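Trainee:
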Amino acid sequence: MVCVFITIRSVQWSDNSSPGSRLRLSRMSHATLNQPVSVGQTRIVDLLASRGQRPFAFQLQAWQAYLEKKSGLLHAPTGSGKTIAAIGGAMIERLNAGPAQKPSKSKRGTTDPFVVIWITPMRALATDTAHAITALAGDLGLNWSVEVRSSDTTATTRKKQRSRLPTVLVTTPESLSLLISYPDLQQQLIGLNLAVVDEWHELLSTKRGVQAELGLAQLRSLNPNIRTWGLSATIGNLDQARDALLGPHNQGNVIHAEVAKLLSVESMIPDSIERFAWAGHVGLKMLKPVLEELEKPGSTLVFANTRSQTEVWFRAIIEKRPDWVGQVAIHHGSLDRKIRQQVEQMLRDGTLRAVVCTSSLDLGVDFSAVDRVIQIGGPKGIARLMQRAGRSGHRPGQMSRVICVPTHAMELVEFSAAREAIAHRRVESRLPLHKPLDLLVQHIVTVASGGACDESVLKNEVRSTHSYADLTDQEWNWAIDFVERGGPTLGAYPQFAKVIRSETGQLNIASEKLARMHRLAIGTITSDGVLSLVTTGGKKLGTIEEQFIGRLRPGDAFVFAGRPLELVGVRQMTARVRLVRKRAGSVPQWAGGRFPMSSMLAKAVRSRLQEARDGQFVDDEMQRVAPLLQLQAKWSLLPAADELLIESHTTREGHHHFLFGFLGRLVHEGLGALVGYRLKRLADVPVVATYNDYGLELLCPQAIDLDEGTWRMLLTPDRLIEDLLACMNAGQLARRQFREIARVAGLVLASSPGAPRSMRQLQASSELFFDVFSDFDPQNLLLEQARREVLNHQLEIKRLTDALMALAKKRLVLTKPKRLTPLAFPIWAQRIGSQTIRVEEAQERIARMIAKLERDAGANATPSPAISD
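Shown next, in the form of structure tokens:
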């Protein structure tokens, strides 16, 4: 397909936006400055003036709030100056103090003592933040040391930090917990003045966010006067995010940045579209216009939604433009740290033409040299698209520009819907995680490792967090019993008696050996099992999932970091490979790589389809996809927002029922399992369910007469949990989910020095605990947590409940088209692709079907009576 690049109407975040085409987000871009009120503020204002800038109103508000000993949440667009807003108050406070404050002396020189801890969710962001703060402190003449502590920090640096922390420590939630676990660091933590949590929205709905909550509660316990500030750019529930950050007993402000930020959302539209869009490819038909965009001056971040897609696109770009070797790089979380850091530094230096990346570069890394962002495929979330767009124009007053590239036609609707949602400030909310008891168990051992602590004080400290505010005495006592003796079932094993409780209620670690082992397990990040990837020459390339390597034999080829590799062998969780020349190979698949469409974006897509039903194609994307939608309306129906379309027809495969709820992939997964289970129970026939973001297919081997009343019964929200637990084999799901819980709670260790463990070993160990608890301690709260996490996270029970309640109010429209419709085809193609062993066979069959449907859709073509495939 020949493609041309068309720049369509952009959403502009600006003060001077015209009605209808631009969004007015602010009335004031700069503060009206009066005479600075202090020496410190004067210094910062003068510094900004030397750069041709003035402080924004939100920055002045943040500095003043800090000086007034207040905490809160700072909400500002990416690239608007959040860093200086968050740390500027502490710098002003230090500058106002003058030379009277005595610096600390160490082998590394004389610098100000430890006053700021900066918590970030990503290692790349930590490094970049440290660079920014170091430069700012140097320009202000502050004698501050700034260092990073994360999993990438060398052992030598960590040892030095044990003896003396820097003035500013940029770290992660996991490393904060590690700091708390060392007795010799307690005194230094008392001196903290400020704790900043960057990109709080990324942590909020995760266990890492709860870990940050617990760490902040510990810091507040050590120093009640510490000020806490969170930074967030894209989130819908700001007040709830602030409350989760500060806890239920601490009041705080939400400061909004009223700054001019230009955000351009464009689409790369092909000159023709496929009316039967197959989502099984990665959009390489758009490679030519992408290359043309990359040829333009400046640097580009090319975002893909999965690591596999990143590998495919990087390889395709280099194959078409071999002269760009060294100018185009790849970046994702499985690459070795040194490779990632090298790419990040080249981005800062402006020496790269493009970086093909995943969410590893989503967050606020300050690459001022980035001129544009390209998004491959649907963003699946409004906030995610805004976040990625903000990687370009990462300076106040500069435009952030994102160019969206469809991998199939329906993604044009997603782009149009996302831009409209951004224009109306419709951004997804992220809900705080509630009371994970595996993390509570870990935290108790962490605090006890840092020295004796009073049990009642620690309990109150834990309850001061948002996540554990309603922690009951029964739950607390269970957690203490679990760490003290392993609960009712593990008392005979001394390794599970980690904490000693004295008669006076003091908690202490049972031994220094247990403390060392516990520090190796601190954290909440779990994976599906990874192996180190090392060349025969000893060079580390990164990590790769055990499940993928397990399907290969020595001599098989695959692609990693754009390089063709050949597997030599696997030993002790290390896969050894050799580089080979231009040999075709498979691309690794990483678990959890597929983003589901958010509920808010799904609602926006549905709104666009309602407009199309009414004959309104409001922008270039919708006009280009109009032939597809018009054919859908001709052959079946384009459903209205208050309708649920169900298409039924028969082929040689069996009897197909397509339901188009436009609810997102995760909801459709649960809905397909639920309705399939109920259908099997009703008619005693096997059912195969296939789903995507727009709908689902139920395939039965024999005909079933399904009228509206029967469909209503199949879609009822009544007995939802009971039926869902039965159809999804929730017991087995809980058993697998328990692996993560057992790891976080310290029941199993992912590895120890010199003794890495495979995922099969971890799963076997965790399943043993699951069975023991199920048989001898059925009231164990970790079992209940596993079931709850399966329902809430894997099965999306709340979204599914809300969806069924909404479907109950919709009009059901039952149609019987004679062939696959444009909406049904991609679901059918997905099932064919997943069921066919050879990829080539699946592609050939799908291609034959497309050719047949296109003949039927031709202007003078005679429709066939039924699908013959």
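All the letters of the sequence shown, read from the start, carry residue numbers 15 to 883 under the numbering used here. For every residue, glycine included, the Cβ atom is placed at its ideal position computed from N, Cα and C. Remember, predicted model here, so these are calculated numbers, not experimental data.
(1) Distance check for Pro197 and Val130, CA to CA, integer angstroms please.
(2) By how many angstroms is the C-alpha of Val268 removed from the C-alpha of Leu87?
(3) Is Met611 closer than 9 Å to Arg679 when the C-beta atoms are compared?
(4) Could you tell me if Val632 is buried or exposed, where buried requires 16 or more neighbouring beta carbons within 10 angstroms of its beta carbon?
(5) Check this for me: beta carbons of Arg163 and Leu183, under 9 Å apart or not?
(6) Is it a yes or a no for the region 783-801 touching the region 751-765, going by three-plus beta-carbon pairs under 8 Å?
(7) Identify the continuous beta strand (DSSP E) that holds Tyr705 and give its terminal residues.
(8) Can you give me the C-alpha to C-alpha distance between Glu803 and Ser463, rounded to a whole angstrom?
(9) So, for Trp490: in the same chain, excluding its five sequence neighbours on each side, which residues have a beta-carbon less than 6 Å away from its beta-carbon?
(10) I'd like the span of the beta strand (DSSP E) that includes Gly86, first residue to last.
(11) With a CB to CB cut of under 7 Å and the five nearest residues on each side skipped, what residues in its chain are close to Ile846?
(12) Quick check on the burial criterion: 16 or more other C-beta atoms within 10 angstroms. Buried or exposed for Val471?
(13) So, under 8 Å CB-CB, Lys83 and Asn239 are touching, yes? Tell me the CB distance rounded to an integer number of Å.
(14) Buried or exposed for Lys394, please, with buried defined as at least 16 other CB atoms from any protein chain shown within 10 angstroms of its CB.
(15) For Val548, which residues in the same chain have their Cβ closer than 8 Å to its Cβ, ignoring the five residues on either side in sequence?
(16) According to DSSP, what are the bridge partners of Leu236?
(17) If you measure between the beta carbons of Pro568 and Val594, is that distance less than 9 Å?
(18) Provide the residue(s) that pair with Gln389 in DSSP beta bridges, ordered along the chain.
(19) Cα-Cα, which of Lys174, Lys823, Ala483 is closest to Thr730?
(20) Rounded to a whole number of angstroms, what is the C-alpha to C-alpha distance between Lys310 and Arg440?
(21) Helix, strand or coil for Ile249 per DSSP?
(22) If the criterion is Cβ atoms closer than 9 Å, does the pair Gln10 and Ile344 meet it?
(23) If you follow the alpha helix (DSSP H) that Pro187 is in, where does it begin and where does it stop?
(24) How far does the beta strand (DSSP E) with Phe572 in it extend, from its first residue to its last?
(25) Please classify Phe496: does DSSP put it in a helix, a strand, or coil?
(26) Secondary structure at Asp870, three-state DSSP: helix, strand or coil?
(27) My output table needs one value for Glu667: the three-state DSSP class, helix, strand or coil.
(28) Please name the residue or residues paired with Leu659 in a DSSP beta bridge.
(29) Examine the Cβ distances between the region 686-695 and the region 636-647 and report whether three or more of them are shorter than 8 Å.
(30) Could you check what DSSP says for Pro840 in three-state terms: helix, strand or coil?
(31) Indicate whether at least one CB of chain B lies closer than 9 Å to the CB of Pro69.
(32) Excluding sequence positions up to five away, which residues of its chain have a Cβ less than 6 Å from the Cβ of Leu203?
(33) Ile131 lies in the beta strand (DSSP E); which residues open and close that run?
(34) Which class does Gly847 belong to by DSSP, given the choice of helix, strand or coil?
(35) Which word fits Asp719, buried or exposed, when buried means at least 16 other C-beta atoms lie within 10 angstroms of its C-beta?
(36) Just mark Gln646 as buried or exposed, buried being the case when its beta carbon has 16 or more other beta carbons within 10 Å.
Mentor: Answer, in terms of the structure:
(1) As a working mapping, residue 130 is identified with position 116 in the sequence shown. As a working mapping, residue 197 is identified with position 183 in the sequence shown. Rounded to the nearest angstrom, the two C-alpha atoms are 19 Å apart.
(2) By one-based count along the sequence shown, residue 87 stands at place 73. By one-based count along the sequence shown, residue 268 stands at place 254. Going by the C-alpha atoms only, they are around 5 Å apart.
(3) The sequence position of residue 679 within the sequence shown is 665, counting from 1. The sequence position of residue 611 within the sequence shown is 597, counting from 1. For Arg679 and Met611, yes; Cβs fall inside 9 Å.
(4) Taking the sequence shown and counting its residues from 1, one reaches residue 632 at position 618. Under this definition Val632 is an exposed residue.
(5) For this step, residue 163 is matched to residue 149 along the sequence shown. For this step, residue 183 is matched to residue 169 along the sequence shown. In this structure, Leu183 lies closer than 9 Å to Arg163 by Cβ.
(6) yes
(7) Counted from its first residue, the sequence shown places residue 705 at position 691. Where Tyr705 is concerned, the enclosing beta strand (DSSP E) stretches over 702-705.
(8) Taking the sequence shown and counting its residues from 1, one reaches residue 803 at position 789. Taking the sequence shown and counting its residues from 1, one reaches residue 463 at position 449. Distance between the alpha carbons of Glu803 and Ser463: 28 Å.
(9) Residue mapping note: residue 490 aligns to position 476 of the sequence shown, counting from 1. Cβ neighbours of Trp490 beyond the five flanking positions: Lys473.
(10) Here residue 86 refers to the residue found at position 72 when the sequence shown is read from its first residue. Element bounds for Gly86: 86-89.
(11) Sequence index remark: in the sequence shown, residue 846 carries index 832 (1-based). For Ile846, where only same-chain residues beyond five positions count, the Cβ hits under 7 Å are Ala856, Arg859, Ile860.
(12) Here residue 471 is taken as the residue at index 457 of the sequence shown, counted from 1. By the 10 Å Cβ count, Val471 comes out exposed.
(13) Translated into the one-based positions of the sequence shown, residue 83 becomes position 69. Translated into the one-based positions of the sequence shown, residue 239 becomes position 225. That belief holds up - the Cβ atoms of Lys83 and Asn239 are roughly 7 Å apart, short of 8 Å.
(14) As a working note, residue 394 is residue 380 in the sequence shown. Lys394 comes out buried.
(15) By one-based count along the sequence shown, residue 548 stands at place 534. Only Lys554, Leu555, Thr588, Ala589, Arg590, Val591 meet the Cβ criterion.
(16) For the purposes of this step, residue 236 is identified with residue 222 of the sequence shown, where counting begins at 1. The partner list for Leu236 (beta bridge, DSSP) is empty, contrary to what the question assumes.
(17) Working through the sequence shown from its first residue, we reach residue 568 at position 554. Working through the sequence shown from its first residue, we reach residue 594 at position 580. No, these two residues do not count as a Cβ contact at 9 Å.
(18) Here residue 389 is taken as the residue at index 375 of the sequence shown, counted from 1. Note: Gln389 sits in a beta bridge opposite Phe317, Cys418.
(19) Mapped onto the sequence shown, residue 730 falls at position 716. Looking at the Cα atoms, Lys823 is the closest of the given residues.
(20) By 1-based counting over the sequence shown, the position of residue 310 is 296. By 1-based counting over the sequence shown, the position of residue 440 is 426. Their Cα atoms are separated by approximately 32 Å.
(21) Taking the sequence shown and counting its residues from 1, the one referred to as residue 249 is at position 235. Coil.
(22) As displayed, the chain neither begins before 15 nor continues past 883, which places residue 10 out of reach and without an answer.
(23) Working through the sequence shown from its first residue, we reach residue 187 at position 173. 187-194 is the extent of the alpha helix (DSSP H) around Pro187.
(24) Taking the sequence shown and counting its residues from 1, one reaches residue 572 at position 558. From DSSP, the beta strand (DSSP E) with Phe572 extends over 571-574.
(25) Position 482 of the sequence shown, counted from the start, is the residue given in the question as residue 496. Helix at Phe496.
(26) Counting from one through the sequence shown, the residue named residue 870 turns up at place 856. If DSSP states are grouped into helix, strand and coil, Asp870 belongs with the helices.
(27) The count along the sequence shown starts at 1 and reaches residue 667 at position 653. If DSSP states are grouped into helix, strand and coil, Glu667 belongs with coil.
(28) Residue 659 sits at position 645 when you count from the first residue of the sequence shown. Partner(s): Phe674, Val827.
(29) no
(30) Locating residue 840 in the sequence shown gives position 826, where the first residue counts as 1. In this structure, Pro840 counts as helix in the three-state DSSP scheme.
(31) The structure shown has no chain B; it contains just one protein chain.
(32) Working through the sequence shown from its first residue, we reach residue 203 at position 189. Correct list, in chain order: Leu236.
(33) For the purposes of this step, residue 131 is taken as the residue at position 117 of the sequence shown. 130-133 is the extent of the beta strand (DSSP E) around Ile131.
(34) Locating residue 847 in the sequence shown gives position 833, where the first residue counts as 1. Of the three classes helix, strand and coil, the one that applies to Gly847 here is helix, per DSSP.
(35) Start at 1 with the first residue of the sequence shown, and residue 719 comes out as number 705. Classification of Asp719: exposed, given that the 10 Å Cβ count is below 16.
(36) Counting from one through the sequence shown, the residue named residue 646 turns up at place 632. So Gln646 counts as buried.
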